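>
Residue numbers (my numbering): 130 to 520.
Okay, here's the thing in structure tokens:
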């Protein structure tokens with residue numbers, strides 16, 4: 130939604146609904162005990178029957194969505210065929226798009242009218258985005274460093290040391306599991322805007338069950354890196370990169386035009402016998418993501434032919450394009466030939482990219498400071514917010 134808004138030239142706006150879940154009724158019968166000091170002296174053993182949703186009630190998000198959906202459909206919106214939180218309205222030559230709590234449109238009149246309707250219906254207030262969209266978590270980043278007493282630590286230029294490969298380190302000194310998990314949880318939230326720490330955080334998170342001093346030092350390095358880049362905002366595989374179970378790591382990043390709209394770093398579910406297999410599995414997994422995004426963007430009125438998928442493994446590309454099996458492909462599970470099928474159908478185009486220009490490297494392994502800065506700044510176009518801009 131934000132990438133489309135930037136390319137189409139309209140400013141996104143964000144809904145802020147007062148007492149969101151308290152605005153909706155629930156269909157199920159739900160009873161709650163009265164809170165302390167609110168018991169009825171006349172009927173001390175009775176409970177309350179809920180008429181509206183409460184925060185913390187598992188039915189509340191579903192009930193809120195049902196109310197919003199009902200209101201939008203009655204207002205003439207059309208629900209997306211793939212993403213059911215997407216609603217579109219075309220009227221008077223203009224288009225209005227509502228995606229969850231963000232909305233925007235090509236017609237100022239449509240946007241203003243919708244804002245007034247929502248304000249009357251569910252007491253909605255608005256946050257107006259500035260020209261261009263810059264997403265950051267600068268204040269939260271500083272709060273996290275303060276929380277874990279890392280304010281005065283020496284900053285680092287990369288989130289991971291290229292010379293250290295993390296493992297379970299069973300002989301190492303044990304550390305406070307609760308504190309370690311708290312640190313992981315806090316910085317995990319930052320990966321929503323800080324793609325550069327995605328790989329490091331995911332790797333450290335594997336050792337939450339039995340953290341050692343080695344793992345704690347790795348997490349603290351991430352926090353020291355965050356001091357180096359507080360205002361930073363917003364298919365490839367590494368063969369057998371995990372020292373524990375030798376599974377490979379898949380890294381992907383997806384662009385809409387020049388806007389980076391999604392990225393991921395995850396361990397593959399199975400052990401690969403060859404580098405080619407690891408690369409092929411990563412490309413297949415990403416192919417499914419591309420096809421889903423292609424279908425979703427069709428609801429926005431965007432149509433695409435062959436979508437380019439860039440990979441730096443010529444052998445994996447050859448496997449997808451060549452129907453003849455050979456010694457290194459006969460072990461690959463049939464389901465991963467999904468990639469080959471959609472290449473033949475013309476849905477995707479496999480293109481080779483030289484390794485030094487492979488953007489997904491930043492999601493699969495530790496990089497030295499020069500390579501890391503080059504991919505983060507120049508290739509992925511991650512920007513830095515100056516402190517003078519505020520929080």
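We put the beta carbon where it would ideally sit given N, CA and C, even for glycine.
It should be emphasised that the depicted structure is a prediction, and the values quoted were computed from it without experimental measurement.
Shortest alpha-carbon distance to residue 144 belongs to which of 300, 333 and 244?
Checking every option, the nearest Cα to that of residue 144 belongs to 244.
> Does the beta-carbon of residue 450 have 16 or more other beta-carbons within 10 angstroms, so that it is buried, or is it exposed?
With fewer than 16 other Cβ atoms within 10 Å, it is exposed.
> For residue 320 and residue 313, what's the separation of their Cα atoms in angstroms?
The straight-line gap from Cα to Cα measures roughly 11 Å.
> Tell me which same chain residues have a C-beta within less than 7 Å of the C-beta of residue 498, skipping the five on either side of it?
Cβ within range, chain order: 286 and 287.
> Leaving out five residues before and five after residue 417 in sequence, what residues of the same chain have Cβ atoms less than 8 Å from its Cβ?
Contacts found: 467.
> With distances taken Cα to Cα, identify the nearest neighbour of residue 411 among 493, 202, 322 and 500.
The shortest Cα separation from residue 411 among 493, 202, 322 and 500 belongs to 493.
> Which of the three DSSP states is assigned to residue 283 in this structure?
Residue state, collapsed to three classes: coil.
> Distance check for residue 141 and residue 257, CA to CA, integer angstroms please.
Caution applies to residue 257, whose pLDDT of 49 falls short of 50 and renders its modelled position unreliable; the model cannot decide the point.
> Quick one, are the C-beta atoms of residue 475 and residue 435 less than 7 Å apart?
Against a cut-off of 7 Å, the Cβ pair of residue 435 and residue 475 comes out as a contact.
> Between the alpha carbons of residue 480 and residue 348, how many angstroms are there, rounded?
Each residue's Cα considered, the two are about 36 Å apart.
> Return the first residue and the last residue of the alpha helix (DSSP H) that residue 443 is part of.
Looking at the DSSP string, the run of the alpha helix (DSSP H) that includes residue 443 is 443–450.
> How about residue 304 and residue 279: do their beta carbons lie closer than 7 Å?
Taking 7 Å as the Cβ cut-off, residue 304 and residue 279 do not qualify as a contacting pair.
> Nearest to residue 235 by alpha carbon, out of 246, 247, 222 and 229?
Ranking 246, 247, 222 and 229 by Cα distance to residue 235 puts 222 first.
> How many Å lie between residue 165 and residue 157 at the Cα?
Taking the straight line from one Cα to the other gives about 25 Å.
> Short check: CB of residue 336 to CB of residue 381, under 7 Å?
Taking 7 Å as the Cβ cut-off, residue 336 and residue 381 do not qualify as a contacting pair.
> Give me the residue from 500, 155, 160 and 217 with the minimum Cα distance to residue 181.
The shortest Cα separation from residue 181 among 500, 155, 160 and 217 belongs to 155.
> Give a yes or no on whether the C-beta atoms belonging to residue 225 and residue 215 are separated by under 7 Å.
No, Cβ-Cβ distance for residue 225 and residue 215 is not below 7 Å.
> Mapping the DSSP letters down to three states, classify residue 337 as helix, strand or coil.
Coil at residue 337, not helix or strand.
> Should residue 176 and residue 162 be called a contact, given that it needs their Cβ atoms to be closer than 7 Å?
A contact, by the Cβ cut-off of 7 Å.
> Since residue 219 is in the beta strand (DSSP E), which residue starts that stretch and which ends it?
215–220 is the extent of the beta strand (DSSP E) around residue 219.
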